[in-house]
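Chains as they are written, first to last, in our numbering: chain A, 1 to 369; chain B, 1001 to 1317.
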């Protein structure tokens, strides 16, 4: 409920910005945002294409958040996963057919997990605040990938990584036949199915297994979990590694999509890593919520591209998303407001309890264990 | 010797903004509000300051316009940090989420406004602020070369802010109250301190300093503003923690980080480092790896403000 309120406020602010900057075209631009991907089949496909990586980084952030960790290291995990996948895609051409892209994805999972593991170990054994460790790992990952790309798979003409072999490109599974307009088809591929699958797996792990229960218990109260016999150090390390693997997979799905995207050698953090944070927050850190919010954010992104027709700058989408996040942080107060608004008492109380129950404020330096 | 002078002068350009922004973060966190929005506030301050300089550069001479630009940067930083304070103090919102929202908003807003005003997102400015040599002081051998040549007004501003911060934090009534609110707001409230007011003040000071820091970072290191401060806000956050929330240690941390950044940026001009044959990416990585290592050794006895990040609720006293 409060997510919807936040979205409404965000869209309203977006409308105001459009009206202020160009009143004549504002309504048409705003409609383009609202329509998003629903203009033709190609754009609809693009929604799923853009949603794929941010669903994965959103799952990464949301999963860590459920276990009481603030994984702001998505950018580093994302790009290191992308590198591992592209490396396999370029160099391991000996792999037959479908094995090639599957191995490339596995490599990305491993590399991402490694990048998440480091802050996890530092947090569990050395009490290092994971927010800071993750920020450091983001930059280390970025420079490491720049170095490795230049050393191993460099296309010096375009200052980026080489193209992956065609067997490493994710299959379209007929999606390009479905999502096309005129003679241009969308970049959508089976990555979206892998993203959905990842969401379902994370949901099962968190809500239906003992392992997931232990992870969440550590998130609620580390000391109590330890007292109950849960190995809390192992839990922290594991959940950071899983979060890292998810982001790494996101990187692989973007760069193996066959849409002509290569890893550029620039000193800029991977934005998809940060975009997972709003996706997770909007989805209330719930895996299935993240699937929906990832598609919603991608829908707005596509709308932002289409809005350029009317001479608007697509950054207005980022502004709208930022406002949405800001107001979703007000969840507690909004909840009270909504309840007093609908005083009749027909407010469903079930989902109100789930509004941000798990977002743990990272304590600087952590607690004394 | 010239190499050393050059290194020290360059280090100043990288260290001073880190110092100013980390001190800003210190005021916020010692009052009990986690401020992860430093990056966004820096961008806001740099954007407003550079836009101001860009518009009025023809009308006013060098140093006065820089000072006015700094004031504009500070005010814009305070304005954006007001949203963070409102969310954290009045709304009991999650402070990390609110900060993340600001970090997203600031670059998008800067690009949007810049492109709407002038179709490109870069805002150029003419760098007429460099001081070749400070009169009299610049003539002193060695010290003059190190500190008073090829410098900017902002370098000295950084040191003034350092001394002022230290004084305010440890030698004024306000500083004592600020620290009390960060450690134990309930106790502070019980002796009549208005926790909400103090926390607002802490966040607003951090906004002003981070805004200034943004402009201070852009002026010596670039000739246009491109809606980014290259992750310096996050680096300042690391400086703050590395410095254990204390002004004197923040100074040391800021200069350590600044020196590493300088080596990464300028190592090709230093024969000794070129001889080592290390790729530049390793120098760029060094500050971050060093931070991780040092944190691993020092975090067991971390001295973070105890109430940082926890919304204050009067009823829970």
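Every residue gets a Cβ at the ideal spot worked out from N, C-alpha and C, and that includes glycine.
Here the structure is a predicted model, which means the values were calculated and not measured.
Among all the DSSP beta bridges, which residues are the ones paired with residue i?
i                       : result
residue 3 of chain A    : In DSSP, residue 3 of chain A forms no bridge with anything.
residue 155 of chain A  : A/160
residue 1224 of chain B : B/1124
residue 1131 of chain B : B/1151
residue 181 of chain A  : A/184
residue 264 of chain A  : A/160
Closest to residue i by C-alpha separation, out of the options, would be which residue?
i                       : options                        : result
residue 139 of chain A  : A/77, A/59, A/109              : A/77
residue 257 of chain A  : A/85, A/189, A/249             : A/189
residue 1296 of chain B : A/299, A/120, A/288            : A/120
residue 1198 of chain B : B/1003, B/1183, B/1249, B/1304 : B/1183
residue 1226 of chain B : B/1058, B/1011, B/1008, B/1051 : B/1051
residue 1245 of chain B : B/1033, B/1069, B/1284         : B/1033
residue 1312 of chain B : B/1264, B/1261, B/1004, B/1095 : B/1095
residue 1233 of chain B : B/1012, B/1194, B/1016, B/1006 : B/1016
residue 325 of chain A  : B/1013, B/1104, B/1068, B/1022 : B/1104
residue 236 of chain A  : A/113, A/285, A/180            : A/113
residue 125 of chain A  : B/1083, B/1299, B/1308         : B/1299
residue 244 of chain A  : A/23, A/213, A/141, A/286      : A/141
residue 33 of chain A   : A/328, A/329, A/301            : A/301
In the structure shown, what three-state DSSP assignment does residue i receive?
i                       : result
residue 287 of chain A  : helix
residue 1165 of chain B : helix
residue 396 of chain A  : Since the first residue shown for chain A is 1 and the last is 369, residue 396 of chain A is missing from the structure and cannot be characterised.
residue 125 of chain A  : helix
residue 313 of chain A  : coil
residue 328 of chain A  : helix
residue 1092 of chain B : coil
residue 1184 of chain B : coil
residue 348 of chain A  : Since pLDDT at residue 348 of chain A reaches only 45, below the 50 mark, its modelled position is unreliable, and the value read off the structure follows with that caveat. Looking at residue 348 of chain A - three-state DSSP - the assignment turns out to be coil, as it is neither helix nor strand.
residue 1312 of chain B : coil
residue 235 of chain A  : helix
residue 1194 of chain B : coil
residue 41 of chain A   : helix
residue 94 of chain A   : coil
residue 1175 of chain B : helix
residue 1253 of chain B : helix
residue 1013 of chain B : helix
residue 1280 of chain B : helix
residue 1142 of chain B : coil
residue 173 of chain A  : coil
residue 1107 of chain B : helix
residue 275 of chain A  : helix
residue 115 of chain A  : helix
residue 1076 of chain B : helix
Between residue i and residue j, how many whole angstroms is the CB-CB distance? I'm expecting something under 8 Å.
i                       : j                       : result
residue 1077 of chain B : residue 1035 of chain B : Not really, about 11 Å apart at Cβ, beyond 8 Å.
residue 370 of chain A  : residue 66 of chain A   : Residue 370 of chain A lies beyond the range of chain A shown here (1 to 369); nothing can be said about it.
residue 248 of chain A  : residue 81 of chain A   : 2 Å
residue 74 of chain A   : residue 52 of chain A   : Actually they are not in contact, since the Cβ atoms of residue 74 of chain A and residue 52 of chain A sit about 14 Å apart, beyond 8 Å.
residue 187 of chain A  : residue 259 of chain A  : 4 Å
residue 303 of chain A  : residue 36 of chain A   : 4 Å
residue 252 of chain A  : residue 105 of chain A  : 5 Å
residue 1023 of chain B : residue 1165 of chain B : 5 Å
residue 25 of chain A   : residue 1108 of chain B : The pair is not a contact, with the Cβ atoms about 19 Å apart (cut-off 8 Å).
residue 117 of chain A  : residue 241 of chain A  : 5 Å
residue 1238 of chain B : residue 135 of chain A  : 7 Å
Looking at chain B, which residues of the segment 264-292 of chain A have a Cβ within less than 9 Å of any of its Cβ atoms? 267, 268, 269, 274, 275, 277, 278, 281
Interface positions of the segment 1261-1289 of chain B facing chain A (Cβ-Cβ less than 7 Å), listed along the chain: Cβ contacts with chain A: 1279, 1281, 1284, 1285, 1288, 1289.
Closer than 7 Å, Cβ to any Cβ of chain B: which residues of the segment 110-128 of chain A, in chain order? 122, 126, 127, 128
Taking beta-carbon pairs under 8 Å, can you tell me which members of the segment 1108-1121 of chain B lie near chain A? 1108, 1109, 1111, 1112, 1115, 1116
Compile a chain-ordered list of the residues in the segment 1017-1042 of chain B whose CB is closer than 8 Å to at least one CB of chain A. 1029, 1034, 1036
Could you please tell me which residues of the segment 1084-1111 of chain B, in chain order, have their CB closer than 7 Å to any CB of chain A? Listed in chain order, the positions of the segment 1084-1111 of chain B with a beta carbon within less than 7 Å of a beta carbon of chain A are 1087, 1091, 1092, 1093, 1094, 1095, 1096, 1097, 1098, 1100, 1101, 1104, 1105, 1108, 1109, 1111.
Listed from N- to C-terminal order along the chain, which residues in the segment 8-22 of chain A have their beta-carbon within a distance smaller than 9 Å of any beta-carbon of chain B? If the cut-off is 9 Å between Cβ atoms, the segment 8-22 of chain A has 17, 21, 22 near chain B.
Which residues of the segment 66-90 of chain A have a Cβ closer than 9 Å to any Cβ of chain B? Give them in chain order. Those would be 70, 72, in chain order.
What are the residues in the segment 1206-1221 of chain B lying within 7 Å of chain A by C-beta distance? none
Interfacial residues, the segment 1157-1176 of chain B to chain A, with Cβ spacing under 9 Å: none
Proximal residues, the segment 307-319 of chain A versus chain B, C-beta separation under 7 Å: In summary, the residues of the segment 307-319 of chain A whose CB is separated from some CB of chain B by less than 7 Å are 313, 315, 316, 318, 319, in the order they occur in the chain.
At a Cβ cut of 7 Å, what residues of the segment 1241-1260 of chain B count as close to chain A, listed as they run along the chain? Listed by position, the residues of the segment 1241-1260 of chain B near chain A (Cβ gap below 7 Å) are 1241.
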